[in-house]
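A.B. asks: One rule links them: number in the working numbering = place in the sequence shown (from 1) + 340. Note that the Cβ used here is the ideal one computed from N, Cα and C, for glycine as well.
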Amino acid sequence: MKSLNESLEKLFNTSPDNIILSRCKNGDVNSSYIASYGDNKYFIKIQDKDHLPDLYENQIEREVISTDLCTSQSIPCPQILDYDLDAKFIITEYMDYEVLGNLWGLLDLKKQKQIKDQALCILEKMNNIQSEYFGGLYKGGNLEQFNKWTDSYKNIVKIALNDCLRYGSLTEDECKIITDKVNENCKQLDQEKQPIAVFSHLDLHWNNIFMDKDAQQIKGVFDFGSALYTPSYMSYFRLNGGFLYGTDSFYTNDTICPMELKRCEYECAKILNTLDYFTFLSYKNMNYEMEKHLLLD
Numbered sequence: 341m342k343s344l345n346e347s348l349e350k351l352f353n354t355s356p357d358n359i360i361l362s363r364c365k366n367g368d369v370n371s372s373y374i375a376s377y378g379d380n381k382y383f384i385k386i387q388d389k390d391h392l393p394d395l396y397e398n399q400i401e402r403e404v405i406s407t408d409l410c411t412s413q414s415i416p417c418p419q420i421l422d423y424d425l426d427a428k429f430i431i432t433e434y435m436d437y438e439v440l441g442n443l444w445g446l447l448d449l450k451k452q453k454q455i456k457d458q459a460l461c462i463l464e465k466m467n468n469i470q471s472e473y474f475g476g477l478y479k480g481g482n483l484e485q486f487n488k489w490t491d492s493y494k495n496i497v498k499i500a501l502n503d504c505l506r507y508g509s510l511t512e513d514e515c516k517i518i519t520d521k522v523n524e525n526c527k528q529l530d531q532e533k534q535p536i537a538v539f540s541h542l543d544l545h546w547n548n549i550f551m552d553k554d555a556q557q558i559k560g561v562f563d564f565g566s567a568l569y570t571p572s573y574m575s576y577f578r579l580n581g582g583f584l585y586g587t588d589s590f591y592t593n594d595t596i597c598p599m600e601l602k603r604c605e606y607e608c609a610k611i612l613n614t615l616d617y618f619t620f621l622s623y624k625n626m627n628y629e630m631e632k633h634l635l636l637d
């Protein structure tokens, strides 16, 4: 990739032939590498360009915008050194920390709660990043921008359903069942006060967080490929089942959700969360029958 080689040559001040690229992760929708030369290291993320769901469009642009927004709120993120939206790659600093998922089982309950409290503080800071519109972080994408949350909600669902139709995991009739379910939910949501649009990571889990194991501090939040402007309850809902990667619930008697979701809000978050995972499973050609049952029930 010519553009990437030019960026690496400039950063390392040496020929690309001297730079070692080590694949560090087969990402869900991206490929990740560590580039090294001498004592210097950088992290590279390259978006998969083939058959990516429209729901996951513009991964690199989302990373760039999200990092800038989060940095403005003093949320720790890897520093961006270079990127190319056309070539779909981003280069960031290499953070020499462990991902939280590798350390969680080594922490006692008290330390686990401290990390949870830090995560909730990060979400609170993200809630301070407000927008005039819901939906995409950028203009001109399939994920459009709307003044009303239910319009954005319907747009997100429509995009995901079209993805699943393309992958063959849903039929037209099944899409109609889900659409009718969403429309009914929107009627209930529209009877409530219009929520505030805030920045939502929507994939904040223990493998997207760098942690200093000695200081017991979160040192970096990354992988913003799912980020959108949504009501704040979307992030709090997602945290419960997603932060610990489905192994356990985030909220306990000691860690309480900061907000109480109305029934219609809970239903909205549940539908979008399930549909997002169902779309991912459809894209990866993995077993999705349980998620499909939840969507059609």
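Is the beta carbon of Lys389 closer than 8 Å to that of Lys342?
C.D. replies: No.
A.B. asks: Where does Asn593 land, buried or exposed, given buried means 16+ other C-beta within 10 angstroms?
C.D. replies: By the 10 Å Cβ count, Asn593 comes out exposed.
A.B. asks: Contact check, Ser347 vs Ile431 under 8 Å by CB: the rounded distance?
C.D. replies: Going by Cβ atoms, the distance from Ser347 to Ile431 rounds to 6 Å, so yes, they are a contact pair.
A.B. asks: So Tyr573 and Met551 are in contact, right, with Cβ under 8 Å, and what is the actual spacing, rounded?
C.D. replies: With 8 Å as the limit, Tyr573 and Met551 do not qualify as a contact, their Cβ atoms being about 26 Å apart.
A.B. asks: By Cβ distance, which residues of its chain are closer than 7 Å to Thr595, with the 5 residues on each side in sequence left out?
C.D. replies: Lys453, Lys456.
A.B. asks: Would DSSP call Cys364 helix, strand or coil?
C.D. replies: Looking at Cys364 - three-state DSSP - the assignment turns out to be strand.
A.B. asks: On the DSSP letters alone, give me the boundaries of the alpha helix (DSSP H) that Asn467 sits inside.
C.D. replies: Looking at the DSSP string, the run of the alpha helix (DSSP H) that includes Asn467 is 449-467.
A.B. asks: Let me check understanding here. Comparing Cα to Cα, which of Ile415, Asn547, Leu568, Leu443 lies closest to Leu477?
C.D. replies: It is Leu568 whose Cα lies nearest to the Cα of Leu477.
A.B. asks: Do you know offhand how far Asp543's Cα is from Ile359's?
C.D. replies: Distance between the alpha carbons of Asp543 and Ile359: 31 Å.
A.B. asks: Find the nearest neighbour of Glu512 within the set Leu636, Phe620, Arg363, judged by alpha-carbon distance.
C.D. replies: Looking at the Cα atoms, Leu636 is the closest of the given residues.
A.B. asks: Using the C-alpha atoms, what's the distance from Ser540 back to Phe590?
C.D. replies: So the alpha carbons of these two residues sit roughly 17 Å apart.
A.B. asks: Are the CB atoms of Glu397 and Leu425 within a distance shorter than 8 Å?
C.D. replies: No, Cβ-Cβ distance for Leu425 and Glu397 is not below 8 Å.
A.B. asks: What is the DSSP secondary structure of Lys381, counted as helix, strand or coil?
C.D. replies: Three-state DSSP puts Lys381 in a strand.
A.B. asks: To which residues of the same chain is Lys465 closer than 8 Å at the C-beta, ignoring the five residues directly before and after it?
C.D. replies: Same-chain partners within the cutoff: Cys410, Gln413, Ser414, Ile415.
A.B. asks: According to the Cβ coordinates, are Glu438 and Lys553 closer than 8 Å?
C.D. replies: Yes, they are a contact pair.
A.B. asks: Grab me the residues of Gly378's own chain with a C-beta within less than 6 Å of its C-beta, minus the 5 sequence neighbours each way, in chain order.
C.D. replies: Closer than 6 Å at Cβ, skipping near neighbours: no residue.
A.B. asks: Name the residue from Thr570, Lys610, Gly582 whose alpha carbon lies nearest to the alpha carbon of Val538.
C.D. replies: With distances taken between Cα atoms, Val538 lies closest to Thr570.
A.B. asks: For Arg603, is the classification buried or exposed, using 16 other Cβ atoms within 10 angstroms of its Cβ as the cut-off for buried?
C.D. replies: Classification of Arg603: exposed, given that the 10 Å Cβ count is below 16.
A.B. asks: How do the stretch 619-634 and the stretch 496-511 stand: do at least 3 beta-carbon pairs fall below 8 Å, yes or no?
C.D. replies: Enough Cβ pairs lie closer than 8 Å, so yes.
A.B. asks: Starting from the C-beta of Ser575, find all residues in its chain whose C-beta is less than 6 Å away, skip the five residues before and the five after it, and write them out in chain order.
C.D. replies: So the qualifying residues of the chain are Leu463, Ser540.
A.B. asks: Could you say which of Pro393, Phe352, Trp489 lies nearest to Phe383 if we only look at CA atoms?
C.D. replies: Considering only alpha carbons, the answer is Phe352.
A.B. asks: Let me confirm a value: Arg363 is counted as buried when at least 16 other C-beta atoms fall within 10 Å, else exposed. Which label applies?
C.D. replies: Arg363 is exposed by the Cβ-count criterion.
A.B. asks: Cβ of Leu361 within 8 Å of Cβ of Ala375?
C.D. replies: Yes, these two residues count as a Cβ contact at 8 Å.
A.B. asks: Starting from Asp408, trace the alpha helix (DSSP H) both ways and give me its first and last residue.
C.D. replies: Residues 399-412.
A.B. asks: Where do the N-terminal and C-terminal ends of the beta strand (DSSP E) with Ile549 fall, by residue?
C.D. replies: Residues 549-552.
A.B. asks: Between Leu443 and the rest of its own chain, which residues show a CB-CB distance below 7 Å, the 5 nearest in sequence each way excluded?
C.D. replies: So the list reads Met551, Lys553, once near-sequence residues are dropped.
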